[in-house]
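S.K.: Sharing a structure below in structure tokens format, with a few things to ask.
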Amino acid sequence: MMKHIFTGIFLVLVFSACSPMVLSRLNSNTMSQLHLGMSKQALTEILGKNYTIS
364 MMKHIFTGIF
374 LVLVFSACSP
384 MVLSRLNSNT
394 MSQLHLGMSK
404 QALTEILGKN
414 YTIS
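According to our numbering, the sequence shown is numbered sequentially starting from 364.
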């Protein structure tokens, strides 16, 4: 029982820590500016320098 509680708390913390930043960056306006074949400089101008996808 205790293992399930810790697992649940861990999952909530992991998902809540990452999602607000990702969702705020990937709004529909930002996504509509992206297209295949863009240069790294153009992507950096739209998404910012600290944006990473892994």
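Note that CB positions come from ideal geometry on N, CA and C, so glycine has one too.
#1: Do T393 and I368 count as a contact pair if the criterion is CB distance below 8 Å?
#2: In terms of residue numbering, what span does the alpha helix (DSSP H) encompassing L410 cover?
#3: Just how far apart, CA to CA, sit Y414 and M365?
M.R.: In this structure, then:
#1: For I368 and T393, no; Cβs fall outside 8 Å.
#2: Run containing L410: K403 to L410, per the alpha helix (DSSP H) assignment.
#3: In this structure, the straight-line span from the alpha carbon of Y414 to that of M365 is close to 37 Å.
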